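Trainee: Taken in order, the sequence shown gives residues 3 to 252; the numbers are from my numbering. Just so you know, even glycine gets a beta-carbon here, dropped at the ideal spot from N, CA and C. In this text the structure is predicted, and so the values were computed from the model without any measurement. One structure follows; several queries about it will come next.
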Amino acid sequence: MHRKKKGQTTLFIVIGIVVITVVLLGIYITKSPIKNEPELYFSSAVDSIRYSIETCNKDLAEKSIVLLGLQGGRYKNVVNPIQQTDKDYGPIMLSHFSVNNNYVQFSLDDVEKEFNEYYKDNILSCLGNFDEFKTKGLNIKPKNMLLDLEFLDQSTVFTLYYEVVVSKGTKSHTLYDYPPVEIEHRFKKVFNVATESARQHASTRLIPINYVLNKDIILSTYNIGSSTIYRLVDQKNDKERRYVFYFAVN
Numbered sequence: 003m004h005r006k007k008k009g010q011t012t013l014f015i016v017i018g019i020v021v022i023t024v025v026l027l028g029i030y031i032t033k034s035p036i037k038n039e040p041e042l043y044f045s046s047a048v049d050s051i052r053y054s055i056e057t058c059n060k061d062l063a064e065k066s067i068v069l070l071g072l073q074g075g076r077y078k079n080v081v082n083p084i085q086q087t088d089k090d091y092g093p094i095m096l097s098h099f100s101v102n103n104n105y106v107q108f109s110l111d112d113v114e115k116e117f118n119e120y121y122k123d124n125i126l127s128c129l130g131n132f133d134e135f136k137t138k139g140l141n142i143k144p145k146n147m148l149l150d151l152e153f154l155d156q157s158t159v160f161t162l163y164y165e166v167v168v169s170k171g172t173k174s175h176t177l178y179d180y181p182p183v184e185i186e187h188r189f190k191k192v193f194n195v196a197t198e199s200a201r202q203h204a205s206t207r208l209i210p211i212n213y214v215l216n217k218d219i220i221l222s223t224y225n226i227g228s229s230t231i232y233r234l235v236d237q238k239n240d241k242e243r244r245y246v247f248y249f250a251v252n
């Protein structure tokens, strides 16, 4: 009888321990996600902001390389601008590569500065000034921005460095670098053909037709006042890579 009671007591103790363990485990499992929820939300928000910046980098790269091709590699530093309307792209500002038979020096380094100016003027509007995230209680401070361009033979690579500090409460994270974006427009090739054509035109007052055509680029020209407008088209029959470049000489 004594042994029977002892066995029952032991069984009750074991059952009690199991019940307590299950209850404690349930409390831990229930409370753990709540405890980590703010951290998970912040991490997810940072990822969303990064994705938005990466998307805008691609969007701005595509738009800027088209615009700067139409404007001779210029965005703000336009020389003796001529306002025109391209049948496919709309209003543009043509820039002179030579003025009064004098070639205007402008290098790919100068072009890179123009792309940087375009990004500085347009990246915040592309991101909606981060309003989508600010309304959710996040503090977002954009700081330094630098765009590095690599002009390759067959494409142009945009690498964005954009310092953005994201914070909420005691949590803070700084975004800075993002995956490069490669645009399959041969900007360097067309730009080099344009600059050499402008040099030859400035010294001879003749359109270097053979030089341009030998580079597999379609050339058309027309006059506006005393200026000759060049329209170069690379990869004309390739819808994705077709590239149009304008410049003026006088």
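Using 8 Å as the threshold, is the C-beta distance between K115 and F153 below it?
Mentor: Residue numbering aside, residue 115 sits at position 113 when the sequence shown is read from its first letter. Residue numbering aside, residue 153 sits at position 151 when the sequence shown is read from its first letter. In this structure, F153 does not lie closer than 8 Å to K115 by Cβ.
Trainee: When you compare only the Cα positions, how much space is there between R243 and F44?
Mentor: Against the sequence shown, residue 243 aligns to sequence position 241. Against the sequence shown, residue 44 aligns to sequence position 42. Looking at the two C-alpha atoms, the distance is approximately 40 Å.
Trainee: What first and last residue would you give for the beta strand (DSSP E) that runs through T137?
Mentor: Along the sequence shown, one-based indexing puts residue 137 at 135. Careful: T137 lies outside any beta strand (DSSP E) and carries neither H nor E.
Trainee: Please list, in chain order, all residues of the same chain as V48 whose beta carbon is under 8 Å from its beta carbon, the five residues on each side excluded.
Mentor: As a first step, residue 48 is located in the sequence shown; it is residue number 46 there, counting from the start. The residues are V168, H175 and L177.
Trainee: With a floor of 4 residues, list each alpha helix (DSSP H) that falls wholly inside the stretch 104-181, ordered by position along the chain.
Mentor: 110-128 and 133-136, all fully within the stretch 104-181.
Trainee: Could you name each continuous beta strand (DSSP E) segment of 3 residues or more that falls completely within the stretch 199-238, going from the start of the chain to the end?
Mentor: 219-226 and 229-236, all fully within the stretch 199-238.
Trainee: Can you have a look at N59 and say buried or exposed, based on whether 16 or more other CB atoms are within 10 angstroms of its CB?
Mentor: Counting from one through the sequence shown, the residue named residue 59 turns up at place 57. Result: buried.
Trainee: Any contact between the stretch 201-212 and the stretch 73-84? By contact I mean 3 or more CB pairs, one from each, below 8 Å.
Mentor: Contact between the stretch 201-212 and the stretch 73-84 is absent, because fewer than three Cβ pairs lie under 8 Å.
Trainee: Where does N252 land, buried or exposed, given buried means 16+ other C-beta within 10 angstroms?
Mentor: Taking the sequence shown and counting its residues from 1, the one referred to as residue 252 is at position 250. Under this definition N252 is a buried residue.
Trainee: Are I256 and V246 closer than 8 Å when you measure CB to CB?
Mentor: Outside the shown range of the chain (3 to 252) lies residue 256, about which nothing can therefore be said.
Trainee: Could you tell me whether the Cβ atoms of V214 and V235 are closer together than 8 Å?
Mentor: Residue mapping note: residue 214 aligns to position 212 of the sequence shown, counting from 1. Residue mapping note: residue 235 aligns to position 233 of the sequence shown, counting from 1. No, Cβ-Cβ distance for V214 and V235 is not below 8 Å.
Trainee: According to DSSP, is P40 part of a helix, a strand, or is it coil?
Mentor: Residue numbering aside, residue 40 sits at position 38 when the sequence shown is read from its first letter. Three-state DSSP puts P40 in a helix.
Trainee: Cα separation between I142 and P40?
Mentor: On the sequence shown, residue 142 is found 140 positions in, with the first residue counted as 1. On the sequence shown, residue 40 is found 38 positions in, with the first residue counted as 1. Spanning the two alpha carbons is a distance of roughly 17 Å.
Trainee: I need the straight-line Cα distance from D123 to S97, nearest angstrom please.
Mentor: The sequence position of residue 123 within the sequence shown is 121, counting from 1. The sequence position of residue 97 within the sequence shown is 95, counting from 1. Going by the C-alpha atoms only, they are around 20 Å apart.
Trainee: Taking the continuous beta strand (DSSP E) assigned at Q86, which residues delimit it?
Mentor: Counting from 1 along the sequence shown, the entry for residue 86 is found at position 84. Here the beta strand (DSSP E) through Q86 covers I84 to D88.
Trainee: How far does the beta strand (DSSP E) with G92 in it reach, from first residue to last?
Mentor: Translated into the one-based positions of the sequence shown, residue 92 becomes position 90. Taken as a continuous stretch (DSSP letters only), the beta strand (DSSP E) holding G92 covers G92 to L96.
Trainee: Using beta-carbon positions only, say whether M147 and Y120 come within less than 8 Å of one another.
Mentor: Here residue 147 corresponds to residue number 145 of the sequence shown, with the count starting at 1. Here residue 120 corresponds to residue number 118 of the sequence shown, with the count starting at 1. In this structure, Y120 does not lie closer than 8 Å to M147 by Cβ.
Trainee: Shortest alpha-carbon distance to P181 belongs to which of I226, E56, N79 and S46?
Mentor: Within the sequence shown, the letter at position 179 stands for residue 181. Taking only the C-alpha atoms, the option nearest P181 is E56.
Trainee: For E186, name the three-state secondary structure that DSSP assigns.
Mentor: On the sequence shown, residue 186 is found 184 positions in, with the first residue counted as 1. Residue state, collapsed to three classes: coil.
Trainee: Using the beta-carbon count (16 or more within 10 Å), is I125 buried or exposed?
Mentor: Translated into positions along the sequence shown, residue 125 becomes position 123. When all chains shown are included, I125 counts as buried.
Trainee: Just the Cα atoms here: how many angstroms apart are I36 and L42?
Mentor: Against the sequence shown, residue 36 aligns to sequence position 34. Against the sequence shown, residue 42 aligns to sequence position 40. Confidence in I36 is poor, its pLDDT being 44 and thus under 50, which makes the residue's placement too unreliable to answer from.
Trainee: Please check the pair L72 and I94, which I expect to be a contact at CB under 8 Å, by giving their CB distance rounded to whole angstroms.
Mentor: The residue given as residue 72 occupies position 70 in the sequence shown. The residue given as residue 94 occupies position 92 in the sequence shown. Sure, about 4 Å apart at Cβ, within 8 Å.
Trainee: Using CA coordinates, which residue listed in I67, L140 and S50 is at the minimum distance from T172?
Mentor: Counted from its first residue, the sequence shown places residue 172 at position 170. Looking at the Cα atoms, L140 is the closest of the given residues.
Trainee: Does DSSP put Y53 in a helix, in a strand, or in coil?
Mentor: In the sequence shown, counting from the first residue as 1, residue 53 sits at position 51. Here Y53 sits in helix by DSSP.
Trainee: Helix, strand or coil for V48, going by three-state DSSP, please let me know.
Mentor: Here residue 48 is taken as the residue at index 46 of the sequence shown, counted from 1. Correct three-state label for V48: helix.
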